[in-house]
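Participant:
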Amino acid sequence: MELLLIKYASEIFLKGLNRGRFEKKLKENIKNVLKEEEYSFLIDQNRWFIQAEDVSRIREKVKKVFGVYEVCTVVQTERDIEKIKDLALSVMKNHPEGSSFKVITKRANKDFPMNSMEFSALVGAHILKNTTGYHVEIKNPDHAVEIEIRDMAYVYVSKEKGIGGMPYGINGSTMLMLSGGIDSPVAGFLMAKRGIEIHAAYYHSHPYTSERAKDKVKDLASILSEYTGKVILHVVPFTEIQMAIMDKCPENELTIIMRRFMMKCACALAEKYNVQSVTTGESIGQVASQTMEALVVSDDAGDRPVFRPLVAMDKGDIMEISRKIGTYETSILPYEDCCTIFVPKHPVTKPKLQYIKKHEEALDSEELVERAIEGTEVFVL
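First residue of the sequence shown: 1, per our numbering; consecutive thereafter.
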């Protein structure tokens, strides 16, 4: 019988008394991503297995679950020496002749009459005796025939890396400032990988930004939800705020004051929905608004911890992750967001907090933020 073996990330083993809580959350997340599938969840001496008609489809979903280190297709048989030998032989025959192999046995059940090394040697001899063209190579084999002996016995057919990280939702929550660009979806992914639940705030400047721009961000949130199970997207109407800033504040401070209002809105949403922190896709020095001085001024506008997981990353590294997680092609679609439309010719790069706050006094900040939050659309993706 073919099964999917799920191995979770080694970090979970280190959680001591909290390990049970982490395992429970991971199991919940796996069941959530498989809610539309027919399957059985099996446990053999703390190993997790899934039995399903289409193991390959299940594998593609489970390997995207945060906390899963590896997914392995295995064949289950009785804990019988001859049956295990024959099963290992049939698995090896799937590999091309002329290739090298070694047998690796993990004997978790100590009632089995042979130790791991003895049984590996026995199985290897059985394969050599009943095939031609294969040879044993201990150090660098082309293939490893892996066997686990527990209450039942399992022979590995294939292995794939999972996404790793921590079980999603185990480590609190954050309000991600999600634009349509490359950076912010990657920032959200990295936070989710550390077990942090993602809410997302998108600032929409109708009619200056199109419905296609909003749909693009919804698509990005949907891609992230393939890893998280769901993403709650808050679409914040931002036009009134931007027009007020343009009308009453110095032109060269438009970007930094806009960023401060984004922070105010993100924190207001976080307060409303009991979210603990804010996350942005900013990286030091990438654009004019991402200097150290500008980030300090931006953070002053909020009342939540602000996380920037990309802060020390090069753009090329960010793009590589974007391609890997599947957001890149959507991110580069040519629909402008509010940050790219209302851009001053010469933005201030080293803003002084006292001057920025003084110029903000011309605005009714609380009322502008309150109206934006009242008009926010919420999508569960």
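For glycine and all other residues, C-beta sits at the position ideal for the given N, C-alpha and C. The structure displayed is predicted, hence computed values, not measured ones.
What alpha helix (DSSP H) runs, 4 residues minimum, are completely inside the stretch 314 to 371?
Facilitator: Counting only runs of 4 or more, we get 315 to 325, 328 to 331, 338 to 341 and 353 to 360.
Participant: When the Cα atoms are used, what is the spatial distance from Thr132 to Lys324?
Facilitator: Walking along the sequence shown from the start, residue 132 turns up at place 132. Walking along the sequence shown from the start, residue 324 turns up at place 324. Cα-Cα distance, rounded: 40 Å.
Participant: Shortest alpha-carbon distance to Asp307 belongs to which of Thr239, Gly172, Phe379 and Ser365?
Facilitator: Position 307 of the sequence shown holds residue 307. Looking at the sequence provided, one finds Phe at residue 307 rather than Asp. For Phe307, the nearest C-alpha among the options comes from Gly172.
Participant: If you compare alpha carbons, which of Ile163, Glu361, Ile257 and Tyr202 is closest to Gln424?
Facilitator: It is not possible to answer for residue 424, since the shown part of the chain is limited to 1 through 381.
Participant: Figure out for me which residue from Tyr335, Ser283 and Asp299 has the closest Cα to the Cα of Lys357.
Facilitator: Start at 1 with the first residue of the sequence shown, and residue 357 comes out as number 357. Checked all of Tyr335, Ser283 and Asp299; the closest Cα to Lys357 is Asp299.
Participant: Could you pull out every unbroken beta strand (DSSP E) segment of at least 3 residues lying fully inside the stretch 139 to 209, listed in chain order?
Facilitator: Fully enclosed beta strand (DSSP E) runs of 3 or longer: 143 to 149, 153 to 161, 173 to 177 and 197 to 204.
Participant: In whole angstroms, give me the CA-to-CA distance for Leu310 and Met191.
Facilitator: To locate residue 310, count along the sequence shown from 1; it is residue 310. To locate residue 191, count along the sequence shown from 1; it is residue 191. Going by the C-alpha atoms only, they are around 10 Å apart.
Participant: Tell me which residues share the same chain as Phe112 and place their Cβ nearer than 6 Å to its Cβ, disregarding the 5 neighbours each side in the sequence.
Facilitator: Here the question's residue 112 lines up with position 112 in the sequence shown. The answer, listed in chain order, is Ile149.
Participant: May I ask you to list the residues that DSSP assigns as paired with Arg21?
Facilitator: Residue mapping note: residue 21 aligns to position 21 of the sequence shown, counting from 1. Beta-bridge pairing links Arg21 to no other residue.
Participant: Work out the CA separation of Gln51 and Val235 for me, nearest whole Å.
Facilitator: One-based indexing of the sequence shown puts residue 235 at position 235. One-based indexing of the sequence shown puts residue 51 at position 51. The alpha-carbon atoms of Val235 and Gln51 are separated by roughly 40 Å.
Participant: Looking at Pro351 and Ala270, is the spacing between their C-beta atoms short of 7 Å?
Facilitator: Against the sequence shown, residue 270 aligns to sequence position 270. Against the sequence shown, residue 351 aligns to sequence position 351. No, they are not a contact pair.
Participant: Alpha carbons only, please: which of Lys93, Ile43, His143 and Tyr202 is nearest the one belonging to Leu176?
Facilitator: As a first step, residue 176 must be located in the sequence shown, where it is residue number 176. Measuring from the Cα of Leu176, the nearest candidate turns out to be Tyr202.
Participant: Residues in the same chain with beta-carbon distance under 8 Å from Asn29, minus the five sequence neighbours each way, listed in chain order, please.
Facilitator: Residue numbering aside, residue 29 sits at position 29 when the sequence shown is read from its first letter. Correct list, in chain order: Val65, Phe66, Gly67, Pro167, Tyr168, Gly169 and Gly229.
Participant: With which residues is Lys102 paired in a DSSP beta bridge?
Facilitator: As a first step, residue 102 is located in the sequence shown; it is residue number 102 there, counting from the start. In the DSSP output, where bridge partners are listed per residue, Lys102 has Ala144.
Participant: What residue ranges within the stretch 28 to 56 form continuous beta strand (DSSP E) runs of no fewer than 3 residues, ordered along the chain?
Facilitator: Within the stretch 28 to 56, the complete beta strand (DSSP E) runs of at least 3 residues are 40 to 44 and 47 to 51.
Participant: Please determine, among Ile147, Lys85 and Glu82, the residue with the shortest C-alpha to C-alpha distance to Thr105.
Facilitator: In the sequence shown, the residue the question calls residue 105 occupies position 105. Of the listed residues, the one whose Cα sits closest to Thr105 is Ile147.
Participant: Buried or exposed: Val296, going by 16 or more other Cβ atoms within 10 Å of its Cβ?
Facilitator: One-based indexing of the sequence shown puts residue 296 at position 296. Under this definition Val296 is an exposed residue.
Participant: Roughly how many angstroms separate the alpha carbons of Glu60 and Ser184, rounded to a whole number?
Facilitator: In the sequence shown, residue 60 corresponds to position 60, counting from 1. In the sequence shown, residue 184 corresponds to position 184, counting from 1. Answer to the nearest angstrom: the Cα atoms are 25 Å apart.
Participant: Could you pull the DSSP bridge partners for Cys72 from this structure?
Facilitator: Position 72 of the sequence shown, counted from the first residue, corresponds to residue 72. DSSP lists Leu5 and Lys159 as partners of Cys72.
Participant: Once you ignore the five residues that flank Asp219 on each side, which residues in its own chain have a CB closer than 6 Å to its CB?
Facilitator: Sequence index remark: in the sequence shown, residue 219 carries index 219 (1-based). Thr330, listed in sequence order.
Participant: In whole angstroms, give me the CA-to-CA distance for Lys7 and Phe49.
Facilitator: By 1-based counting over the sequence shown, the position of residue 7 is 7. By 1-based counting over the sequence shown, the position of residue 49 is 49. Rounded to the nearest angstrom, the two C-alpha atoms are 9 Å apart.
Participant: On the CB-based measure, 16 or more other CB atoms within 10 Å of its CB, does Leu224 come out buried or exposed?
Facilitator: The residue given as residue 224 occupies position 224 in the sequence shown. It is buried - the Cβ of Leu224 has at least 16 other Cβ atoms within 10 Å.
Participant: Which residues does DSSP pair with Arg107 in a beta bridge?
Facilitator: Taking the first residue of the sequence shown as 1, we reach residue 107 at position 107. Per DSSP, Ile149.
Participant: How far does the beta strand (DSSP E) with Phe261 in it extend, from its first residue to its last?
Facilitator: Walking along the sequence shown from the start, residue 261 turns up at place 261. Per DSSP, Phe261 belongs to no beta strand (DSSP E); it is in the alpha helix (DSSP H), Leu254 to Lys272.
Participant: With the cut-off set at 7 Å, would you say Pro305 and Ser277 are in Cβ contact?
Facilitator: Sequence index remark: in the sequence shown, residue 305 carries index 305 (1-based). Sequence index remark: in the sequence shown, residue 277 carries index 277 (1-based). Against a cut-off of 7 Å, the Cβ pair of Ser277 and Pro305 comes out as a contact.
Participant: With a threshold of 16 other CB atoms inside 10 Å of the CB of Ser158, please say whether the residue is buried or exposed.
Facilitator: If you number the sequence shown from 1, residue 158 lands on position 158. With fewer than 16 Cβ atoms within 10 Å of its Cβ, Ser158 is classed as exposed.
Participant: In whole angstroms, give me the CA-to-CA distance for Ser179 and Lys272.
Facilitator: Residue 179 sits at position 179 when you count from the first residue of the sequence shown. Residue 272 sits at position 272 when you count from the first residue of the sequence shown. Roughly 21 Å between the two C-alpha positions.
Participant: For Gly370, count the other beta carbons within 10 Å of its own beta carbon; 16 or more makes it buried, fewer makes it exposed. Which is it?
Facilitator: Within the sequence shown, the letter at position 370 stands for residue 370. Contrary to the premise, residue 370 reads as Glu rather than Gly in this sequence. Exposed: under 16 other Cβ atoms inside 10 Å.
Participant: With a 10 Å radius around its C-beta and 16 neighbouring C-beta atoms as the bar for buried, classify Arg107 as buried or exposed.
Facilitator: For this step, residue 107 is matched to residue 107 along the sequence shown. Burial call: buried.
Participant: Give the straight-line distance between the Cα atoms of Lys102 and Ile84, rounded to the nearest whole angstrom.
Facilitator: One-based indexing of the sequence shown puts residue 102 at position 102. One-based indexing of the sequence shown puts residue 84 at position 84. Taking the straight line from one Cα to the other gives about 15 Å.
Participant: Name the residue from Asp44, His204, Gln45 and Glu53 whose alpha carbon lies nearest to the alpha carbon of Glu38.
Facilitator: For this step, residue 38 is matched to residue 38 along the sequence shown. Closest option to Glu38, Cα to Cα, is Glu53.
Participant: Using only CA atoms, which one of Arg259, Glu23 and Ser100 lies nearest to Lys139?
Facilitator: The count along the sequence shown starts at 1 and reaches residue 139 at position 139. Per the Cα distances, Ser100.
Participant: Thinking C-alpha only, which one of Glu82, Thr239, Asp142 and Ser210 is nearest Met114?
Facilitator: Taking the sequence shown and counting its residues from 1, the one referred to as residue 114 is at position 114. Minimum Cα distance to Met114 is reached at Glu82.
Participant: Would you call the CB atoms of Val186 and Ser283 closer than 7 Å?
Facilitator: If you number the sequence shown from 1, residue 186 lands on position 186. If you number the sequence shown from 1, residue 283 lands on position 283. No, the Cβ-Cβ distance between Val186 and Ser283 is not below 7 Å.
Participant: Work out the CA separation of Ser40 and Asn109 for me, nearest whole Å.
Facilitator: Locating residue 109 in the sequence shown gives position 109, where the first residue counts as 1. Locating residue 40 in the sequence shown gives position 40, where the first residue counts as 1. Rounded to the nearest angstrom, the two C-alpha atoms are 23 Å apart.
Participant: Starting from Glu293, trace the beta strand (DSSP E) in both directions and tell me its first and last residue.
Facilitator: Working through the sequence shown from its first residue, we reach residue 293 at position 293. Taken as a continuous stretch (DSSP letters only), Glu293 belongs to no beta strand (DSSP E), being part of the alpha helix (DSSP H) at Met292 to Asp299.
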